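Written below as structure tokens is the structure these notes are about.
Numbering (my numbering), first residue to last: 114 to 310.
Right under this line is the structure:
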């Protein structure tokens with residue numbers, strides 16, 4: 114998908130403030146479950162649209178980029194960043210990478226894990242999110258890959274987010290980008306903070 118594109122700085126895969134935030138993403142949800150929903154909804158805390166993933170069936174409710182299973186993202190930038198809000202329900206995301214040896218590896222972060230481990234070839238790390246607020250996270254995929262498997266990073270092939278959470282932004286960068294150094298259109302602005310500042 115992006116392998117032949119020039120990659121530098123910041124590249125976003127999901128910006129919920131955009132007109133079609135799920136354009137690059139496959140949306141998968143069980144048809145018969147009443148408590149399942151993947152939708153773009155207005156978040157009352159920030160007054161903006163966000164992508165909401167809600168379900169009691171975490172494994173069967175997710176968004177994944179690229180859209181089709183045969184495509185590969187081809188993302189060379191090693192830092193994954195995201196803005197996510199916990200819904201006090203299980204949540205996980207997974208990054209499929211191609212390592213320096215040409216082996217496909219997976220890294221998973223979830224809020225229901227208690228410790229880091231490798232299981233069935235997947236590097237699993239616990240994810241602790243502040244409740245009832247937006248969290249800005251940056252993951253050094255190359256460092257996680259080295260720690261879990263002792264191999265180098267070549268590229269990211271796929272990113273998948275499982276219910277339940279709210280997403281405002283998902284992207285990659287060539288360096289750690291503090292939230293206040295994101296381009297203005299990607300920053301999170303809370304209406305209360307804007308009125309008090």
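Even glycine gets a Cβ: it sits at the ideal position worked out from N, Cα and C. Values in this document were obtained by computation on a predicted structure and should not be read as measured data.
Secondary structure at residue 151: strand, using DSSP grouped into helix, strand and coil. The count of Cβ pairs closer than 8 Å, one atom from the stretch 169–180 and one from the stretch 211–220, stays below three, leaving the stretches out of contact. When secondary structure is reduced to three states using DSSP, residue 286 falls in the strand class.
Residue burial is scored here from C-beta neighbours: residue 276 has at least 16 other C-beta atoms within 10 angstroms and is therefore classed as buried. Distance check between residue 122 and each of 301, 288 and 299 places 288 closest, using alpha-carbon atoms only. By the Cβ test, the stretch 220–236 is in contact with the stretch 253–265, since at least three Cβ pairs between them sit closer than 8 Å.
The C-beta distance from residue 179 to residue 127 rounds to 12 Å, too long to fall under 8 Å, and the pair is not in contact. Cβ-Cβ separation between residue 129 and residue 161: approximately 7 Å, consistent with a contact (criterion under 8 Å).
By the Cβ neighbour-count rule, residue 154 is exposed, with fewer than 16 other Cβ atoms within 10 Å of its own.
The residue from 114, 142 and 241 with its alpha-carbon nearest to that of residue 198 is 241. By the neighbour-count definition (other C-beta atoms within 10 Å, threshold 16), residue 269 is a buried residue.
Inclusion of residue 192 and residue 245 in the CB contact set at 8 Å is not warranted, their separation being larger than that value.
Around the beta carbon of residue 212, 16 or more other beta carbons sit within 10 angstroms, so the residue counts as buried. Per DSSP, residue 298 is not a residue of any alpha helix (DSSP H), being assigned neither H nor E. Counting of Cβ neighbours within 10 angstroms places residue 291 among the exposed residues, the total staying below 16. Here the C-alpha atom of residue 195 lies approximately 5 Å from the C-alpha atom of residue 250.
Residue 164 places its beta carbon less than 8 Å from that of residue 135.
Setting aside the 5 residues that flank it on each side, residue 151 is surrounded in the same chain by 140, 142 and 166, each with a C-beta closer than 6 Å to its C-beta; the list follows chain order. Around the Cβ of residue 286, a 10 Å sphere holds 16 or more other Cβ atoms; the residue is buried. A residue is called buried once 16 or more other Cβ atoms fall within 10 Å of its Cβ, and residue 205 is buried on that count.
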